[in-house]
Structure formats: structure tokens, C-alpha cells
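Chemist:
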Amino acid sequence: MDHIENLTRYTANVIDEFVKNGVTDVVISPGSRSTPLALTFTEHPDIKEWVVIDERSAAFFAMGIAKQLDRPVALVCTSGTAAANYFPAIVEAYYSRVPLIVLTADRPHELRDVGAPQAIEQLKLYGDYPKWFHEMALPEATPNMLSYARNKAARAVYMANEGNPGPVHLNFPFREPLTPDFTLENIWENPAMPTELQPVSSVMDGEKYLSEQQIELLNQKLADGKKGLIVCGPQTDKRFAQAITELALKWKLPVLADPLSQVRAGSHEKDHVIEAYDAFLRNKTIRKQLEPDYIIRFGAMPVSKAYLFYVKEHAQVKQYIVEGSSGYREPTGNSTEFIFADPVMLCRAIQSTSSINEVDLSWLNRWQEMNLISKKHLLSGKESAITEGEVVRGLCEVIPDESTLYVGNSMAIRDVDTFFMTTPKRVRILANRGANGIDGVVSSGIGAAATGKTVTLLIGDLSFFHDMNGLLAAKHYKLNITILLVNNNGGGIFSFLPQSNDKRHFEALFGTPVDIEFKKAIEMYGGEYAQAMTEDQLKDLLAASYQHEGLSVIEIKTDRTENVTWHREKWNAIEQEILQDWDG
1 MDHIENLTRY TANVIDEFVK NGVTDVVISP GSRSTPLALT FTEHPDIKEW
51 VVIDERSAAF FAMGIAKQLD RPVALVCTSG TAAANYFPAI VEAYYSRVPL
101 IVLTADRPHE LRDVGAPQAI EQLKLYGDYP KWFHEMALPE ATPNMLSYAR
151 NKAARAVYMA NEGNPGPVHL NFPFREPLTP DFTLENIWEN PAMPTELQPV
201 SSVMDGEKYL SEQQIELLNQ KLADGKKGLI VCGPQTDKRF AQAITELALK
251 WKLPVLADPL SQVRAGSHEK DHVIEAYDAF LRNKTIRKQL EPDYIIRFGA
301 MPVSKAYLFY VKEHAQVKQY IVEGSSGYRE PTGNSTEFIF ADPVMLCRAI
351 QSTSSINEVD LSWLNRWQEM NLISKKHLLS GKESAITEGE VVRGLCEVIP
401 DESTLYVGNS MAIRDVDTFF MTTPKRVRIL ANRGANGIDG VVSSGIGAAA
451 TGKTVTLLIG DLSFFHDMNG LLAAKHYKLN ITILLVNNNG GGIFSFLPQS
501 NDKRHFEALF GTPVDIEFKK AIEMYGGEYA QAMTEDQLKD LLAASYQHEG
551 LSVIEIKTDR TENVTWHREK WNAIEQEILQ DWDG
């Protein structure tokens, strides 16, 4: 058997095994050494290939698809620094628990560390961020080696999904020539194995759950608490909202719901959902008055810094954190009991047992009253020139049912936290909140849109600038996406921080205005551009954009200083009314 046949059958068995284990999409960045992988993926009838030229953009694009589909997406690139450009997205995928299968082509062993071109050290290139790394053997097509190839491919898919999902990395050394021969017969099969047994490593994997005794013990620990608090941080389980709101209704407890918890939007009951907590927990007196008996948190730490202060100031309170598999996501350092169990199964198991003892109904009522006061102020008023908070308010009214809102970091996610209220619309809210970077967000949003879902991307100007080349995928594949570009000409979030008091260095180091006419860049990528001056105009433009095919960008220009003042006026009004109500 010659080199080309070895190469073809080996690579084809790897890729066919990916397909048999549920992989449907691959994102490919062009290169020579990755030719066997790129061509064979493209040749397979059951894989959708996406070609994204820039590797950093490609990796974030793949992550957007994986987030939207809730399944692993494969990534393919050539050797050298091309592979290094995947690193930021792999870091984000690790921390945000997104399954990616990273396939890097490499020089064969005899061309490493000898000065050969485009050869870098790719073994464990991404450190400990991949859940699993394997250096693949050089291609052979013996029955044993084809079984080996399938085994590693199946294991890669399993490891990407297992426990906390995340990235895995396979490194493929290839010798030249690199072009497979697709005229060979039965390349997708291992001839030594019957067709029905081709998937080598099928796996049965169950959910984690607590025993009856553990559930009873948990109930006993919570029984004396009359003022409990349920907190829902970022997570993506579509079953969760119904389960947690049913539990809150039975236990008569408030539910602090981060926008990325998927609890604010949907058809489930929301009477106990508190979405405006970030606004009123900014006040230290209010935080002090709201001391709970215990806190149960599901999902990652919420976006809200005010909630972080609240937890730190009540360090003596019993805290329980529920993780579906494993993990220690507790940045305050408070004493915490971790519960490793499927959150939905846990909620249902608790509901099936007897209710906790007496609850303090005034506790729930107080949270609900403060929430209503906050929403009244946050949703009232209409400025002559649109503000950043009004952008989110207008978006909430117009965003279609059964759609996705992808949110950038810094101010964008914080304004969604503050102004995106509960809604019966089924809106999935996604963001890259693992490492919280501003890089790659355009590509991730467009990747989410590649699945065919209606997607709105809310993003700031610096983050948009950082990843403008991500727009090429939307142009190339004629993807439908609406981008709300909030342009305050710099890093708006820094205006809320103490650094803003340093007038001498602030603009150069933190404000960082880019002074770019984004309209020209958007038109370069074939997008439709519009600028909204008022909230009503924004809503009209948004509604029209959802009828438009392709890329639509609506820019909103704001002033950073005025934005800080407007937000603080809202927060001050909320605090004053709540504190007056208490005094009265």
C-alpha cells in the first residue's frame, strides 16, 4: 500500500468517526500541511464545512456554532503560527465550557527542530487548556491503525462533551505528498471491521445525581432558613428555567437571574424572578439590610459586580454552589459547600420531598418590591438622543421570538444585565464570559448565525474594531445577522472606574478612541448600514433589519461622559426611593 492510499484511508476513517459520533460542522482555515484534513472533511457527505481565512476569527466562529448547537465543532488549520492563533478561543472555550475539537496539522518528526519552515513546537501547544491532547501517529492504513484512528477520533468527541464540555486537541503529522486520492474504493470504512461496528468507542455516560439520603441531608441543612436566596448565573441548559422557577414557587424564594442564565426569557413562570438586582444592590445600606440565611447558586458567577459585593459582605452566610459535573467557581473565597449534580435533576428531587419549614414571606415580597421600583426607573423616560441603556430597552421590545442575542463584553453585557427584563419571548442570550475578553466576539456572533437562527449581536466599538475581519464570513456565506454597534469612541466601561479620575493619562491608556468611520468598513464587507438617533428610530431600524437578508449593522453613537451621568442618575433614583420606603 503506497503513501497516498495510507494517507487517504487513515484520514478518511478519522473524519468518518467524527461524523458517526455527532460532529456536523467543521471550520477550516486554508493551508498546505492541513490539505489531507481539509480536503477529506470537504469530501465527506455528512459534514458542513466553513472556510474562514483568519485562524483567530475561525476559532471564535466555531465557538459560536458550538454554543448555538450545543455540540462539538471541529477546527482545522495548518502548522506553525496558524495554530497559535487558535489560542485565545481555546482559552475562552475552556472557561466557558464549549466543546471544540482542534485539529492542527504538523510537520513530520524528522522536520521538527531542524530549521524547517513553518515548523514550531506544537506538542501541548495550548498547555492545560485542552481537556485532552494526543499526538496522532503518522498515517497507516493497516486494520489496526484504522481502528486506532477511529478510536482517537471517537475519544476526542467524547472528551469534548464529557463532564464540563471544553476543547480537545489532536496534532496530525503529515509527510508530503499531501493530496488524498478520493477515487479509491470504500475509503470511509475499516475493511477489517463489519459496517455496523465501525464506531469503535461508543460510550454510555450517565448524569450525576444525589442519593435520597443526600437530598434529605440538604433539606435538613436548609430547613431552619426562612430567608433563602436562589441565584442563577450563566448557563445554557434549556431545561433549567422551568425546573428552577418551579422550585422557587414551591419554596417561595426570590430568584436572582443573570441574563445569561436563560431564566429571564421564555414561557416559564417568572413571578419570583428578580432581574434588576444589580441596580439596587449597588447601595451598601440596601445590601446590608438584605442578609439571607443561605444562598444556593446554579451556574457561573453572575455578571453583576454589585452582587459580588453583596456576597463578600455576607461571607458568614451559608452558601451552596451547584455544578453539573465539577468545578470550583467561587471567586469570593467564602466558605462554600459544592453540590456536584445535574441541576435539573436536583431541583426535581428537592421538589419531590417535603417543603422546607416556615418561610418569611416578607423576604420574598421585599425583593419583589425593590425589583418593581428598579424596573419603574430603568424603563421610564425617553431621551432626545438615545442612550446605551435605551439601546437595550428598544432591543427587548423588537427582538424576535425564537431568536438569539449574542452580547459583547464590557459595557454591552452590563447594560443587558441592567435593562433586559423578563419576557415571554424565547430569546437565548449568549456571550463569551469564560475569560471575558473583547476579542473574537464578532466572529462568535456570526458563527451563531451560521446555524440558521435569527441572531442579534450587541457590541461596543472597541470589540467590533478588534474583530472586524470576522465580518468576512457573513459576507462570504451571505449569513443573516443584525449587529447593534454602540459607538462611544473608546472603552466606555473605564469611565465608570476610578481610572477615569486620572485626566492626564485616561484617554491614552483607557479611553483609547479609535476615531473610525465604521460605515465604510461595513460597506466593504457588503453590509447594510444605518445610524439610529433615538430609541423609536432604533426600533424601526431593528424591525426592518430582521426582514433584510445578509449583514445589517445599526450604529448608535453615544458620549462616554454623558453615559456615566445617565446611568448614575437612574441608580440614584432607585436607591432613594427604596431607602425612603424603608424609612417610611
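First residue of the sequence shown? That's 1 in the working numbering, and the numbers climb one at a time after it. For glycine and all other residues, C-beta sits at the position ideal for the given N, C-alpha and C.
1) My guess is that I28 and V76 are in contact by the Cβ rule of under 8 Å, so how many angstroms apart are they, rounded?
2) Could you give the DSSP three-state label for G228: helix, strand or coil?
3) Please work out which residues of its chain come closer than 8 Å, Cβ to Cβ, to T245, disregarding the five sequence neighbours upstream and downstream, and give them in chain order.
4) Pair every Cβ in the segment 287 to 305 with every Cβ in the segment 224 to 234, then say whether three or more of these pairs are closer than 8 Å.
5) Nearest-angstrom Cα distance between A521 and I438?
6) For the pair the segment 101 to 109 and the segment 78 to 90, tell me if three or more CB-CB distances fall below 8 Å.
7) Under a Cβ-count criterion, where at least 16 other Cβ atoms within 10 Å of its own Cβ denotes burial, should M421 be classed as buried or exposed?
8) For the alpha helix (DSSP H) containing S463, name the first residue and the last one.
9) Nearest CA to the CA of S410: which residue from P400, A431 and L7?
10) Could you check what DSSP says for E402 in three-state terms: helix, strand or coil?
11) So what's I187 in DSSP terms, helix, strand or just coil?
12) Which complete beta strand (DSSP E) runs does the segment 100 to 178 hold, if anything under 3 residues is left out?
13) Which residues does DSSP pair with A573 in a beta bridge?
14) Give me the Cα-Cα distance between Y477 and K48, rounded to the nearest whole angstrom.
15) To which residues of the same chain is T336 closer than 8 Å at the C-beta, ignoring the five residues directly before and after it?
16) Report the CB separation of V407 from L372 in whole angstroms; it is logged as a contact under 8 Å.
17) With a 10 Å radius around its C-beta and 16 neighbouring C-beta atoms as the bar for buried, classify G470 as buried or exposed.
18) Can you check whether the CB of A66 is closer than 8 Å to the CB of V98?
19) In angstroms, rounded to a whole number, what distance separates the CA positions of G206 and K20?
20) Consult DSSP for Q531 and reduce its assignment to one of helix, strand or coil.
21) Could you check whether Q235 and S261 sit closer than 8 Å to each other, using their CB atoms as the reference points?
22) Quick one: grab the DSSP three-state call for N283.
23) Are D106 and F18 touching if we call contact CB-CB under 8 Å?
24) Which residue spans inside the segment 286 to 349 form an unbroken alpha helix (DSSP H) run of at least 4?
25) DSSP on R428, reduced to helix/strand/coil?
26) Got a sec, what are the start and stop residues for the beta strand (DSSP E) E549 sits in?
27) What's the gap between the Cα of D16 and the Cα of T8?
28) In three-state DSSP terms, what is K475?
29) How far does the alpha helix (DSSP H) with V648 in it reach, from first residue to last?
30) Just curious, the beta strand (DSSP E) that E49 is in, first and last residue?
31) Would you mind stating whether S588 and N151 have Cβ atoms separated by less than 8 Å?
32) Should K570 be labelled buried (16 or more other beta-carbon atoms within 10 Å of its own) or exposed?
33) Determine whether the beta carbon atoms of I386 and I556 lie at a separation below 8 Å.
34) Go to N219, then tell me how far its alpha helix (DSSP H) extends in each direction, as first and last residue.
35) Note down the Cα distance separating D258 from Y307, rounded to an integer number of angstroms.
Modeler: If we stick to the structure as given:
1) In this structure, I28 and V76 form a Cβ contact; the two beta carbons are roughly 5 Å apart against a cut-off of 8 Å.
2) If DSSP states are grouped into helix, strand and coil, G228 belongs with the strands.
3) Closer than 8 Å at the Cβ level, and outside the excluded window around T245, lie V255, V263, H268, E269, K270, H272 and V273.
4) A contact exists between the segment 287 to 305 and the segment 224 to 234.
5) Here the C-alpha atom of A521 lies approximately 19 Å from the C-alpha atom of I438.
6) Output reads yes: the segment 78 to 90 touches the segment 101 to 109.
7) It counts as buried.
8) It spans D461 to H466 - the alpha helix (DSSP H) in which S463 sits, taken as one unbroken run.
9) Looking at the Cα atoms, A431 is the closest of the given residues.
10) Correct three-state label for E402: coil.
11) Here I187 sits in coil by DSSP.
12) As far as the segment 100 to 178 is concerned, its whole beta strand (DSSP E) runs of at least 3 residues are 100 to 106, 133 to 135 and 167 to 173.
13) In the DSSP output, where bridge partners are listed per residue, A573 has none listed.
14) So the alpha carbons of these two residues sit roughly 12 Å apart.
15) So the qualifying residues of the chain are Q319, Y320, I321 and E330.
16) Actually they are not in contact, since the Cβ atoms of V407 and L372 sit about 25 Å apart, beyond 8 Å.
17) It counts as buried.
18) Yes, these two residues count as a Cβ contact at 8 Å.
19) Put simply, the backbone Cα of G206 is about 20 Å away from that of K20.
20) Of the three classes helix, strand and coil, the one that applies to Q531 here is strand, per DSSP.
21) The answer is yes: Cβ separation under 8 Å.
22) Coil, per DSSP.
23) No, they are not a contact pair.
24) Runs found: 305 to 313.
25) R428: strand per DSSP, three-state reduction.
26) Careful: E549 lies outside any beta strand (DSSP E) and carries neither H nor E.
27) Whole-angstrom Cα-Cα distance: 12 Å.
28) The answer is helix: DSSP assigns K475 an H, G or I state.
29) For the chain, the structure presents residues 1 to 584; residue 648 sits outside this window and is missing.
30) E49 -> beta strand (DSSP E) spans K48 to V51.
31) Lying before the first or after the last residue shown, residue 588 is absent from the chain, which here runs from 1 to 584.
32) Classification of K570: buried, given that the 10 Å Cβ count is 16 or more.
33) I556 sits close to I386, with the two beta carbons spaced by under 8 Å.
34) Element bounds for N219: E212 to L222.
35) Spanning the two alpha carbons is a distance of roughly 10 Å.
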